[in-house]
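Numbering (the working numbering), first residue to last: 115 to 359. Ideal placement from N, C-alpha and C gives every residue a C-beta, glycine not left out. This report refers to the structure that appears directly beneath it.
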C-alpha cells in the first residue's frame, strides 16, 4: 500500500530547507513512501532549491514536484490539489514546517492495513496533519474550500465530518506532532485574511455550521480544480466534479 506525504508550499522555503531533507532521510527505509510537493505560487526560489537539493529524489520517483501560479495561499484548495496528485493509497498532509517522526510510518500503516476507514491525526484533531485513504477523502468532498480565505480549522473540520459519517476508526498519534516553531504572523502572511484571530474565529464558526447542518460531504460545486506543471514539464489539470454539476 502506498503512503504519500503531500506538502503545499507558498513561500515557505526557509521551513522546507530544515524539514524536507530530514523527512526523506527518516523515511528512506520504507519503499511504500512517496512525496508530493505542490509549489503553490512560490516566489522565493523553491524550484531552484528542489533542483539543487532534491534532484536525486525527483529522478528516483520518491518525489514528484507540481507547481501552479497563484497570489494568495488557499490552504484547503492547495491540500485538495496535492491529495489528488498522489498515487492511490494513504495520503497524509505534511505542512512545510512538519517533521516526520522516526516512529510514525510503521504504526500508521499498520492501522490502515486493518481497515481503509481510518483517519489518523495529531493533537486537537489535526494540527495540520491528517492521514486517510485517498478514496475516502474524495468520498467526503475533500477539505472544505470555503475555509480558504483564512487560517485554521479546515483540518479539524475534515476529521469531524469523517467521524460523523460513521464506521471510521479515529486514531490520535502523538508522533504526528513534530514541527518547527514559528510566529503566527507567518501563518497568515499570504492569506486573504491577515488576522489569525479573525481567521480562526470565522473558520470555527464555519466548522460548527457544517456539523450543525449535517453538511458532511462538502464542495458540491467541485473541488481541487487546478492547472499544474508536473516535474517542470508536463501540463495537466486535476479536480473533482461537484455533486451539483
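Specify the secondary structure class of residue i as computed by DSSP and reduced to three states.
{"i": "residue 338", "result": "strand"}
{"i": "residue 173", "result": "helix"}
{"i": "residue 120", "result": "strand"}
{"i": "residue 168", "result": "coil"}
{"i": "residue 197", "result": "helix"}
{"i": "residue 136", "result": "helix"}
{"i": "residue 349", "result": "strand"}
{"i": "residue 328", "result": "coil"}
{"i": "residue 162", "result": "helix"}
{"i": "residue 313", "result": "helix"}
{"i": "residue 320", "result": "helix"}
{"i": "residue 240", "result": "For residue 240, the predicted structure reports a pLDDT of 45, less than 50, and the residue's modelled location is therefore unreliable. The matter cannot be settled from this model."}
Within 10 angstroms of the Cβ of residue i, are there 16 or more other Cβ atoms? Answer buried if so, exposed if not.
{"i": "residue 190", "result": "buried"}
{"i": "residue 115", "result": "exposed"}
{"i": "residue 279", "result": "exposed"}
{"i": "residue 220", "result": "exposed"}
{"i": "residue 88", "result": "The requested residue 88 does not occur in the structure, where the chain is confined to residues 115 to 359."}
{"i": "residue 240", "result": "Its pLDDT being 45, under 50, residue 240 is placed unreliably in this model, and the value from its coordinates should be taken loosely. The residue is buried, with at least 16 neighbouring Cβ atoms inside 10 Å."}
{"i": "residue 217", "result": "exposed"}
Note the first and the last residue of the continuous beta strand (DSSP E) segment covering residue i.
{"i": "residue 259", "result": "No beta strand (DSSP E) holds residue 259; DSSP gives it neither H nor E."}
{"i": "residue 275", "result": "Element bounds for residue 275: not the beta strand (DSSP E) but the alpha helix (DSSP H), 268 to 278."}
{"i": "residue 154", "result": "147 to 154"}
Return the first residue and the last residue of the alpha helix (DSSP H) that residue i is part of.
{"i": "residue 254", "result": "No alpha helix (DSSP H) contains residue 254, which DSSP labels as neither H nor E."}
{"i": "residue 223", "result": "219 to 228"}
Review point. Should the segment 221 to 236 be called in touch with the segment 282 to 295, which here means at least 3 C-beta pairs below 8 Å?
Key: yes
Check your understanding: Counting Cβ pairs closer than 8 Å, one from the segment 168 to 187 and one from the segment 145 to 157, do we hit at least three?
Key -> yes
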